[in-house]
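The numbering of the sequence shown is this note's numbering, which starts it at 1046 and goes up by one.
Below: the structure, in structure tokens.
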Amino acid sequence: MASATESTKILCIICNKGKGIFKCEGCSQIFCPKHSIDHRNELSKQLEEITVTHDLIQQTLVQQTEDPQQHPLIQKVDQWEKESIVKIRQLADKVKNDLCTYTTEHTTLIKHKLKQISIELRQSGEDSDFSEIDLQRWTQKLEELRQEFLSPSTITLRENFTPYITSIYIDRHHTFDVFERVYGVAEIKENGNLTVQSDRSGRTEIRGRNEYTSGRHKLRFRIEQFDPSGWISVGI
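The following block contains the structure:
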């Protein structure tokens, strides 16, 4: 039967041994000498990984400072530009192909009408059977055919005002700000992203870090708990 001392003995969380125990102040777990070293090595490994992540972010920031065009948002605009150009070219190719079909049909019709005038001109010239009236009529017909060939009355190019390409614009969601000062009974937590009022009986004033004197700014925040008997005033 185990004694009370044995049952309450603090053991290593890894091997369940209690000799030479160490307590980690970070995770509050208990380790024996061997596993405390392993635990410390694991923490050192995590620190190295965090350092690598830090260095990568720093390198990215340096690269973007030297070449702003490499910013991910700029690259998104570049991608939108490429996709838009592809869409425009596809639409232009389709319209051109359709125009080739329509203009070919129209040109065939013009040729047929011109051939009829050619027959009349040749026949009238051979027979010497024409007058000023005929000359004017032929001249008018030829001018009409020329105009019809250059600007077909049956084919018109129009613009569709329904957007074929989605537009792109910049939407700045909000101004970066955090809570910094409190007047009254409240506490700032989570690096300035949360405030908690401990006593609702008194008046509390909470201010952000930034000051605004001009321009347009959008500030977003969420009220998670609110006493209906109280009131909230928001101002800049």
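In this text, a Cβ means the ideal position worked out from N, Cα and C, and glycines have one as well.
Secondary structure of residue i, DSSP reduced to three states
{"i": "Lys1068", "result": "strand"}
{"i": "Val1227", "result": "strand"}
{"i": "Arg1265", "result": "coil"}
{"i": "Ile1075", "result": "strand"}
{"i": "Lys1186", "result": "helix"}
{"i": "Asp1222", "result": "coil"}
{"i": "Arg1203", "result": "coil"}
{"i": "Ile1058", "result": "coil"}
{"i": "Phe1194", "result": "helix"}
{"i": "Gln1034", "result": "Past the boundaries of the shown model lies residue 1034; the chain is included only from 1046 to 1281, so the question cannot be answered."}
{"i": "Ile1178", "result": "helix"}
{"i": "Pro1273", "result": "coil"}
In DSSP terms, what residue i is bridged to
{"i": "Lys1234", "result": "Leu1239"}
Range of the contiguous alpha helix (DSSP H) that encloses residue i
{"i": "Val1140", "result": "Pro1117 to Asp1172"}
{"i": "Ile1251", "result": "Note, Ile1251: premise wrong, no alpha helix (DSSP H); beta strand (DSSP E) at Glu1250 to Gly1253."}
{"i": "Thr1207", "result": "Unbroken run through Thr1207: none, as it is neither H nor E."}
Pick from the options that is closest to residue i, judged by C-alpha positions
{"i": "Pro1078", "options": "Lys1090, Cys1060 and Gln1091", "result": "Cys1060"}
{"i": "Glu1250", "options": "Glu1269, Glu1235 and Trp1276", "result": "Trp1276"}
{"i": "Gln1161", "options": "Tyr1228, Leu1106, Lys1186 and Asn1086", "result": "Lys1186"}
{"i": "Glu1269", "options": "Arg1248, Arg1252 and Val1241", "result": "Val1241"}
{"i": "Arg1085", "options": "Thr1098, Phe1067, His1099 and Val1097", "result": "Phe1067"}
{"i": "Cys1072", "options": "Lys1062, Lys1064 and Leu1088", "result": "Leu1088"}
{"i": "Arg1203", "options": "Ile1155, Asp1083, Val1140 and Asp1172", "result": "Val1140"}
{"i": "Glu1193", "options": "Asn1205, Thr1149 and Ile1155", "result": "Ile1155"}
{"i": "Phe1266", "options": "Asp1272, Asn1238, Ser1278 and Pro1273", "result": "Asn1238"}
{"i": "Asp1244", "options": "Glu1225, Ile1082 and Asp1272", "result": "Asp1272"}
Residue i - containing beta strand (DSSP E), residue span
{"i": "Ile1082", "result": "Per DSSP, Ile1082 belongs to no beta strand (DSSP E); it is in the alpha helix (DSSP H), Pro1078 to Glu1111."}
Whole-angstrom C-beta distance between residue j and residue i, which should lie under 8 Å
{"i": "Tyr1209", "j": "Leu1101", "result": "That belief does not hold up - the Cβ atoms of Tyr1209 and Leu1101 are roughly 40 Å apart, past 8 Å."}
{"i": "Gln1108", "j": "Gln1114", "result": "About 11 Å; that fails the 8 Å criterion."}
{"i": "Phe1076", "j": "Ile1095", "result": "About 22 Å separates the two Cβ atoms, so there is no contact after all."}
{"i": "Arg1254", "j": "Val1223", "result": "5 Å"}
{"i": "Ile1213", "j": "Trp1125", "result": "5 Å"}
{"i": "Ser1169", "j": "Asp1179", "result": "6 Å"}
{"i": "Thr1199", "j": "His1151", "result": "7 Å"}
Closer than 7 Å: residue i CB and nearest the ligand FAD heavy atom
{"i": "Glu1235", "result": "As presented, the structure is devoid of all ligands, the ligand FAD included, so that no description of it is given."}
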